[in-house]
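There are 2 protein chains.
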Amino acid sequence: MSFDRLIKNIREKQNPTVAGLDPKLDYIPEYIKTAAYEKYGKTLEGAAEALFEYNKGLIDALYDIVPAVKPQAAYYEMYGWQGVRTLERTIAYAREKGMFVITDGKRNDIGTTMEAYAKAHLGTTDIEGEEVTAFGADALTVNGYLGTDGIKPLLEICKTSDKGIFVLVKTSNPSSGELQDRKLDDALTVYRTMGDKCENWGSEAMGEEGYSSVGAVVGATYPEQLSELRKTLPHTFFLVPGYGAQGGGAKDVAPAFDENGAGAVINSSRGIMCAWKKENCAPEDYAQAARREAIRMRDEIISFIGEIK
Amino acid sequence: MSFDRLIKNIREKQNPTVAGLDPKLDYIPEYIKTAAYEKYGKTLEGAAEALFEYNKGLIDALYDIVPAVKPQAAYYEMYGWQGVRTLERTIAYAREKGMFVITDGKRNDIGTTMEAYAKAHLGTTDIEGEEVTAFGADALTVNGYLGTDGIKPLLEICKTSDKGIFVLVKTSNPSSGELQDRKLDDALTVYRTMGDKCENWGSEAMGEEGYSSVGAVVGATYPEQLSELRKTLPHTFFLVPGYGAQGGGAKDVAPAFDENGAGAVINSSRGIMCAWKKENCAPEDYAQAARREAIRMRDEIISFIGEIK
Numbered sequence: 008m009s010f011d012r013l014i015k016n017i018r019e020k021q022n023p024t025v026a027g028l029d030p031k032l033d034y035i036p037e038y039i040k041t042a043a044y045e046k047y048g049k050t051l052e053g054a055a056e057a058l059f060e061y062n063k064g065l066i067d068a069l070y071d072i073v074p075a076v077k078p079q080a081a082y083y084e085m086y087g088w089q090g091v092r093t094l095e096r097t098i099a100y101a102r103e104k105g106m107f108v109i110t111d112g113k114r115n116d117i118g119t120t121m122e123a124y125a126k127a128h129l130g131t132t133d134i135e136g137e138e139v140t141a142f143g144a145d146a147l148t149v150n151g152y153l154g155t156d157g158i159k160p161l162l163e164i165c166k167t168s169d170k171g172i173f174v175l176v177k178t179s180n181p182s183s184g185e186l187q188d189r190k191l192d193d194a195l196t197v198y199r200t201m202g203d204k205c206e207n208w209g210s211e212a213m214g215e216e217g218y219s220s221v222g223a224v225v226g227a228t229y230p231e232q233l234s235e236l237r238k239t240l241p242h243t244f245f246l247v248p249g250y251g252a253q254g255g256g257a258k259d260v261a262p263a264f265d266e267n268g269a270g271a272v273i274n275s276s277r278g279i280m281c282a283w284k285k286e287n288c289a290p291e292d293y294a295q296a297a298r299r300e301a302i303r304m305r306d307e308i309i310s311f312i313g314e315i316k
Numbered sequence: 008m009s010f011d012r013l014i015k016n017i018r019e020k021q022n023p024t025v026a027g028l029d030p031k032l033d034y035i036p037e038y039i040k041t042a043a044y045e046k047y048g049k050t051l052e053g054a055a056e057a058l059f060e061y062n063k064g065l066i067d068a069l070y071d072i073v074p075a076v077k078p079q080a081a082y083y084e085m086y087g088w089q090g091v092r093t094l095e096r097t098i099a100y101a102r103e104k105g106m107f108v109i110t111d112g113k114r115n116d117i118g119t120t121m122e123a124y125a126k127a128h129l130g131t132t133d134i135e136g137e138e139v140t141a142f143g144a145d146a147l148t149v150n151g152y153l154g155t156d157g158i159k160p161l162l163e164i165c166k167t168s169d170k171g172i173f174v175l176v177k178t179s180n181p182s183s184g185e186l187q188d189r190k191l192d193d194a195l196t197v198y199r200t201m202g203d204k205c206e207n208w209g210s211e212a213m214g215e216e217g218y219s220s221v222g223a224v225v226g227a228t229y230p231e232q233l234s235e236l237r238k239t240l241p242h243t244f245f246l247v248p249g250y251g252a253q254g255g256g257a258k259d260v261a262p263a264f265d266e267n268g269a270g271a272v273i274n275s276s277r278g279i280m281c282a283w284k285k286e287n288c289a290p291e292d293y294a295q296a297a298r299r300e301a302i303r304m305r306d307e308i309i310s311f312i313g314e315i316k
């Protein structure tokens with residue numbers, strides 16, 4: 008139920024991080040691309056194949072030390088349905104390796120349509136009485152601008168499985184404050200109001216580890232808000248983007264954790280994916296470079312928060 | 008540039024409506040499903056094939072009288088990448104028939120990721136120097152919770168093409184008011200604030216017809232807010248869901264239009280798609296039933312707003 012499996016995975020590996028899989032062709036070593044283009048041409052299919060091979064190498068190098076991956080839907084949709092097929096294959100491969108998979112899709116819609124998204128990304132789809140898995144991730148990021156009836160269909164799935172959602176509360180981008188930092192007429196900010204909703208939505212789907220199935224996205228680039236929200240949302244697990252390439256450091260993300268070193272998972276995408284470029288190592292070593300960066304990140308964060316109990 | 012092409016299409020057909028393509032297996036006549044399952048089995052591929060054949064029939068029956076279609080991404084994602092391939096095929100087929108295609112994806116993310124969505128849905132993707140179309144719709148619905156830097160990448164494409172976006176302002180669902188109707192500390196509501204942002208974002212991408220490339224989603228189920236927003240957002244074109252199945256009638260949507268009968272396009276999904284079930288006609292007649300309902304809807308709305316000038 009809820010994020011219990013993710014939390015156990017984090018504790019077991021003593022690593023509260025998630026590897027973002029936001030692949031771009033630019034990040035992928037030439038030898039992988041060349042092989043894919045030889046098979047499928049310089050087409051969407053060829054690009055999608057290169058993306059998958061690249062992801063597969065990363066997952067192989069990370070799965071025993073990193074508890075979760077977060078593929079970002081946009082970078083797959085950019086390569087058409089062929090890219091979306093790579094998203095599906097990536098999710099399946101990572102789950103096969105025991106990783107917890109968070110699809111970063113920031114989906115949102117009205118109730119009946121949100122049901123379709125819930126089935127697509129977390130549940131199953133009925134085809135003439137057969138329940139078939141479409142994408143089958145463990146968690147999905149969602150946007151709560153439409154209110155409760157856009158969240159409920161997801162809760163139905165979360166309550167009866169070990170799936171979860173992360174609602175956008177305070178995002179990591181520079182202009183996130185335009186709406187999210189505005190104060191409502193009761194003097195609470197929009198992000199705080201959205202955070203309170205997460206606590207409320209989650210109250211009907213609590214896990215054994217003290218956190219509900221309804222998590223929140225809170226950016227590492229706003230450590231003050233991260234600290235405020237950790238205090239006010241005791242049952243809401245945090246997904247924290249913005250570490251590394253976006254500017255957040257281990258000190259910035261430390262306030263995301265509770266007194267047991269639990270309660271949050273920190274994402275790094277480019278930092279891990281492009282470690283081989285930063286290291287300037289042989290392209291064939293890209294996955295091991297990713298592993299080295301994942302270890303460095305893990306150790307850096309653990310040095311701030313101590314053992315995860 | 009901007010929504011000029013949509014507006015011209017609406018004027019030419021004297022029909023300010025868009026047919027929502029939100030296909031579910033339940034809506035599809037048995038004979039179409041049987042044929043698809045015979046070819047591909049009761050699988051995601053079989054379901055996706057049935058969806059496409061059904062959509063194709065609808066488009067063939069509607070394209071000369073309805074200016075636009077709006078496929079809802081969720082109902083395609085529900086059938087996996089195979090369903091997403093049907094989304095791509097549906098967009099291509101409708102555009103081939105001259106229809107303006109609005110992908111209802113409510114996408115949102117931080118700047119660099121939003122660039123990927125912009126390329127995926129409205130622009131093109133670079134594959135080793137070749138610009139390839141991934142989904143290639145004419146417009147995309149988006150969620151503005153992340154502020155300006157989540158919108159800018161779309162504007163870059165809108166400014167140099169005849170593409171547009173619709174930002175969620177006041178949605179049609181029952182709980183939309185939870186956040187959207189709240190007042191900010193300057194006494195303006197969240198939806199009004201988001202609407203003002205649309206005017207602002209759109210000011211750099213104005214079309215010849217007096218509307219910018221940045222439209223707004225405003226639900227037919229809230230006619231008062233529709234009327235308020237029409238007055239305060241003179242350059243923002245409206246996409247109005249909630250007519251028909253969700254409860255909005257022609258009288259409710261009338262305030263969405265300007266004094267020329269322009270400025271808005273009204274969506275009907277289930278009303279048109281499932282007309283054959285409501286009529287209880289032969290399944291083979293489903294597309295003509297959709298056409299009859301589309302004509303009825305057109306005439307009903309035109310009777311309230313008069314000629315579109």
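Protein chains in written order, with the working numbering: chain D, 8 to 316; chain U, 8 to 316. Backbone N, C-alpha and C fix where the C-beta goes; we use that ideal spot for every residue, glycine too. Predicted, not measured: the structure shown is a model, and the values here were computed from it.
By a C-beta neighbour count over all protein chains shown, 10 Å radius and 16 as the cutoff for buried, is residue i buried or exposed?
{"i": "ALA194(U)", "result": "exposed"}
{"i": "ASN287(U)", "result": "exposed"}
{"i": "PRO241(D)", "result": "exposed"}
{"i": "GLU37(U)", "result": "exposed"}
{"i": "LYS46(D)", "result": "exposed"}
{"i": "PRO230(U)", "result": "buried"}
{"i": "ASP33(D)", "result": "exposed"}
{"i": "GLY27(D)", "result": "buried"}
Can you tell me the Cα-Cα spacing of residue i and residue j, whole angstroms?
{"i": "TRP208(D)", "j": "GLY184(U)", "result": "16 angstroms"}
{"i": "LYS190(D)", "j": "LEU191(U)", "result": "6 angstroms"}
{"i": "GLU138(U)", "j": "PHE311(D)", "result": "45 angstroms"}
{"i": "VAL76(U)", "j": "ALA297(D)", "result": "44 angstroms"}
{"i": "GLY118(U)", "j": "ASN115(D)", "result": "18 angstroms"}
{"i": "GLY90(D)", "j": "ARG305(U)", "result": "38 angstroms"}
{"i": "SER9(D)", "j": "PRO78(D)", "result": "20 angstroms"}
{"i": "ILE309(D)", "j": "VAL25(D)", "result": "14 angstroms"}
{"i": "GLY154(U)", "j": "LYS40(U)", "result": "43 angstroms"}
{"i": "GLU95(U)", "j": "PHE264(D)", "result": "42 angstroms"}
{"i": "GLU291(D)", "j": "PHE244(D)", "result": "36 angstroms"}
{"i": "GLY151(D)", "j": "GLY112(D)", "result": "13 angstroms"}
{"i": "THR132(D)", "j": "GLY143(D)", "result": "10 angstroms"}
{"i": "ASN62(D)", "j": "ALA252(U)", "result": "43 angstroms"}
So which residues on chain U does residue i lean against when the C-beta distance must stay under 8 angstroms?
{"i": "LYS190(D)", "result": "LEU191 and ASP192"}
{"i": "MET85(D)", "result": "ALA123, TYR124, LYS126, ALA127, THR132 and ALA141"}
{"i": "LEU58(D)", "result": "Correct list: empty, because the minimum Cβ distance to chain U is about 11 angstroms."}
{"i": "GLY214(D)", "result": "The premise fails here: GLY214(D) is roughly 25 angstroms from chain U at the closest Cβ pair, so nothing lies under 8 angstroms."}
{"i": "GLY27(D)", "result": "Going along chain U, no residue has its Cβ under 8 angstroms from GLY27(D), so there is no contact; the nearest lies around 10 angstroms."}
Less than 8 angstroms separating the beta-carbons of residue i and residue j?
{"i": "ILE98(U)", "j": "ALA269(U)", "result": "no"}
{"i": "TYR86(U)", "j": "ALA68(D)", "result": "no"}
{"i": "PRO262(U)", "j": "ARG237(U)", "result": "yes"}
{"i": "PRO324(D)", "j": "GLY278(D)", "result": "Since the displayed chain D opens at 8 and closes at 316, residue 324(D) lies outside it and no answer follows."}
{"i": "GLY217(D)", "j": "GLY171(D)", "result": "no"}
{"i": "SER275(U)", "j": "TYR293(U)", "result": "no"}
{"i": "SER182(U)", "j": "THR228(U)", "result": "no"}
{"i": "LEU58(D)", "j": "THR93(D)", "result": "yes"}
{"i": "PRO30(D)", "j": "ILE273(D)", "result": "no"}
{"i": "ALA127(D)", "j": "CYS165(D)", "result": "no"}
Among residues of its own chain, excluding the 5 on either side of residue i, which ones have a beta-carbon nearer than 6 angstroms to its beta-carbon?
{"i": "LYS316(U)", "result": "ASN267"}
{"i": "PHE173(U)", "result": "THR148, GLY222, VAL224 and LEU246"}
{"i": "GLY53(D)", "result": "ALA43, TYR44 and TYR47"}
{"i": "TYR198(D)", "result": "VAL176, LYS177 and GLN187"}
{"i": "GLY255(U)", "result": "ALA227, THR228 and GLY249"}
At a cut-off of 7 angstroms, is residue i close to the ligand PLP when judged by its beta-carbon and the heavy atoms of the ligand?
{"i": "THR93(D)", "result": "For the structure depicted, the ligand PLP is absent and the ligand set is empty, with no information on it obtainable."}
Which residues in chain U have a C-beta closer than 7 angstroms to the C-beta of residue i? List them in chain order.
{"i": "VAL91(D)", "result": "TRP88 and VAL91"}
{"i": "TYR82(D)", "result": "ALA123"}
Show which residues of chain D have a CB atom less than 9 angstroms away from the CB atom of residue i.
{"i": "GLY254(U)", "result": "Going along chain D, no residue has its Cβ under 9 angstroms from GLY254(U), so there is no contact; the nearest lies around 12 angstroms."}
Give the residues of chain D in contact with residue i, contact being defined as C-beta atoms less than 8 angstroms apart.
{"i": "SER210(U)", "result": "Residues of chain D passing the Cβ test: none, with the nearest at roughly 16 angstroms."}
{"i": "ASN62(U)", "result": "What ASN62(U) touches in chain D: nothing, since even the nearest Cβ is about 15 angstroms away."}
Taking 8 angstroms as the limit between beta carbons, can you name the residues of its chain near residue i, skipping five residues before and five after?
{"i": "TYR70(U)", "result": "ALA101, LYS104, GLY105 and MET106"}
To which residues of the same chain is residue i closer than 7 angstroms at the C-beta, ignoring the five residues directly before and after it?
{"i": "ASP11(U)", "result": "ASP169, GLY214, GLU215 and GLU216"}
{"i": "THR200(D)", "result": "LEU191"}
{"i": "CYS281(D)", "result": "TYR34"}
What does residue i touch in chain D if you count any residue whose Cβ is under 7 angstroms from its own?
{"i": "PRO30(U)", "result": "Under the 7 angstroms cutoff, chain D gives no residues; its nearest Cβ is about 10 angstroms from PRO30(U)."}
{"i": "ALA54(U)", "result": "ILE134"}
What residues from chain U crowd round residue i, counting only those whose CB sits closer than 9 angstroms?
{"i": "LEU153(D)", "result": "LYS113, ASN150, LEU175, THR178, ASN180, SER182, SER183, GLU185, LEU186 and GLN187"}
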